[in-house]
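So in this note's numbering, spot 158 of the sequence shown is number 158, and the numbers just go up one at a time. The structure appears below as structure tokens.
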Amino acid sequence: AIISGANQGVGNGVANRMARLWNEPQHLTIYFTSRNEQRGHDSLAKLKEDLKSEKVGDVSFEYHQLDITDEASRTKLLKDIKEKHGGLDILVNNAGIAGQGFDASVVEETLKTNYYSTVSMANEAVPIIRQGGRIVSVASMAGKLNGYGDELTQRFKAVSKQSEADQLMKEFYASVADGTHEQKGWKSAAYSVSKAGLIANHRALAKEVQPKGISVFTCCPGYVDTSMTKHKGVRTLDEGAVTPVACAFDAPESATGSFWENGKESTW
Numbered sequence: 001a002i003i004s005g006a007n008q009g010v011g012n013g014v015a016n017r018m019a020r021l022w023n024e025p026q027h028l029t030i031y032f033t034s035r036n037e038q039r040g041h042d043s044l045a046k047l048k049e050d051l052k053s054e055k056v057g058d059v060s061f062e063y064h065q066l067d068i069t070d071e072a073s074r075t076k077l078l079k080d081i082k083e084k085h086g087g088l089d090i091l092v093n094n095a096g097i098a099g100q101g102f103d104a105s106v107v108e109e110t111l112k113t114n115y116y117s118t119v120s121m122a123n124e125a126v127p128i129i130r131q132g133g134r135i136v137s138v139a140s141m142a143g144k145l146n147g148y149g150d151e152l153t154q155r156f157k158a159v160s161k162q163s164e165a166d167q168l169m170k171e172f173y174a175s176v177a178d179g180t181h182e183q184k185g186w187k188s189a190a191y192s193v194s195k196a197g198l199i200a201n202h203r204a205l206a207k208e209v210q211p212k213g214i215s216v217f218t219c220c221p222g223y224v225d226t227s228m229t230k231h232k233g234v235r236t237l238d239e240g241a242v243t244p245v246a247c248a249f250d251a252p253e254s255a256t257g258s259f260w261e262n263g264k265e266s267t268w
């Protein structure tokens, strides 16, 4: 299993919860990844210490550097896992950003991480994901389809190919850059739109990879006490990990493509 952005926040909660809830007979190696190696190593050491007093499954942790915005970094991680383990069972795409303010450069930066890099990571992992494997990308309830113009809402819902979701994100950026986004029905919220795009993309990705026996889910962890929410969130890291881990371990394959919140399938 790979968890991106595991050194803090929801990703850290997911790593902890996965270790405690894993109850299959086979061994699970969890790749604990972060952009900054020092922070990652420190955070993993603390997690291992915390888990000493808990009952954990047949699990071990490996640290690996991963910057999801860097193609070479993504490629290296996937290559190392393929060589060492022959394949991958679970990818949890958790790394993401919430930029301050709203203008074309904030939109560009937000889409780069939350949409394009997350989508690239998912697609690049597909060739090494084994049958029965899962891709779980952490989206947000902010990615729900409220507050858009009717035509845009319909277009989001009608996405059946990943390229159509890409096109929507391109149009969002272009309309913010030329100041027409509001009249075109877009929200002035880079984070929300990036997550709506991710959900749309993964609905299409789910259809593409279903013949390979791979399931794809997006989820909202809820309003969690993390640096991203400036620690205003009400949920603990473990509570924030409930839904992503449910998608990784328990969600039925028949629900592939769906968006989850509060531990269950939800409406987009």
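Glycine residues also receive a C-beta, built at the ideal position from the N, C-alpha and C atoms. Please read all numbers here as calculations on a predicted model, not as lab measurements.
Nearest-angstrom Cα separation, counted from residue 227 out to residue 247:
24 Å
* Asked: Using the C-alpha atoms, what's the distance from residue 191 back to residue 43?
  -> Those two C-alpha atoms are separated by around 26 Å.
Under a three-way DSSP split, which group does residue 74 fall into? Three-state DSSP puts residue 74 in a helix.
Check: Thinking C-alpha only, which one of 240, 225, 251 is nearest residue 233?
Finding: Measuring C-alpha to C-alpha distances from residue 233 to each of 240, 225, 251 identifies 225 as the nearest.
Excluding the five sequence neighbours on either side, which residues of its own chain have a C-beta within less than 7 Å of the C-beta of residue 37, listed in chain order?
-> Setting aside the 5 residues that flank it on each side, residue 37 is surrounded in the same chain by 65, each with a C-beta closer than 7 Å to its C-beta; the list follows chain order.
> Around the C-beta of residue 55, are 16 or more other C-beta atoms found within 10 angstroms, so that it is buried, or is it exposed?
Replying inline: With fewer than 16 Cβ atoms within 10 Å of its Cβ, residue 55 is classed as exposed.
- Start and end residues, alpha helix (DSSP H) containing residue 191: DSSP places residue 191 in the uninterrupted alpha helix (DSSP H) bounded by 190–209.
- request: Mark residue 288 as exposed unless 16 or more other C-beta atoms lie within 10 angstroms of its C-beta, in which case mark it buried.
  value: A query on residue 288 cannot be resolved here, the shown segment of the chain reaching from 1 to 268 and no further.
Worksheet item: To which residues does DSSP link residue 34 through a beta bridge?
Response: 65
Going by beta carbon distance, what residues of the same chain come within less than 6 Å of residue 60, once the five residues before and after it are set aside? The answer, listed in chain order, is 29.
Would you be able to state if there are at least three C-beta pairs under 8 Å between the stretch 164–183 and the stretch 102–119?
yes
- Query: Would the stretch 195–209 and the stretch 151–167 be scored as touching if the rule is three or more Cβ pairs under 8 Å?
  - Reply: yes
**Report entry** Three-state secondary structure (DSSP) of residue 102
**Finding:** coil
In chain order, what residues of the same chain have a beta carbon less than 6 Å from the beta carbon of residue 121, not counting five sequence neighbours either side? Taken in chain order, the residues that qualify are 68, 74, 93.
- Query: To the nearest whole angstrom, what separates the beta carbons of residue 89 and residue 6, a pair I think is in contact under 8 Å?
  - Reply: Residue 89 to residue 6, Cβ: 16 Å. No contact.
With residue 17 and residue 241 assumed to form a contact (beta carbons below 8 Å), what rounded beta-carbon distance in angstroms separates them? 4 Å
N-terminal and C-terminal residue of the alpha helix (DSSP H) that residue 239 is part of
237–249
Out of 10, 45, 126, 99, which one is the CA nearest neighbour of residue 216? When only C-alpha atoms are compared, the closest one is 126.
- Within 10 angstroms of its Cβ, does residue 236 collect 16 or more other Cβ (buried), or is it exposed? exposed
Legend entry - N- and C-terminal bounds of the alpha helix (DSSP H) containing residue 150: 150–158
**Message:** What residue range does the alpha helix (DSSP H) around residue 131 cover?
**Reply:** Where residue 131 is concerned, there is no enclosing alpha helix (DSSP H), although the beta strand (DSSP E) it sits in stretches over 129–138.
Neighbourhood of residue 161 by C-beta, 7 Å cutoff - its chain only, sequence neighbours within 5 removed = 204
What are the boundary residues of the beta strand (DSSP E) that residue 16 is part of? Per DSSP, residue 16 is not a residue of any beta strand (DSSP E); the alpha helix (DSSP H) it occupies stretches across 9–21.
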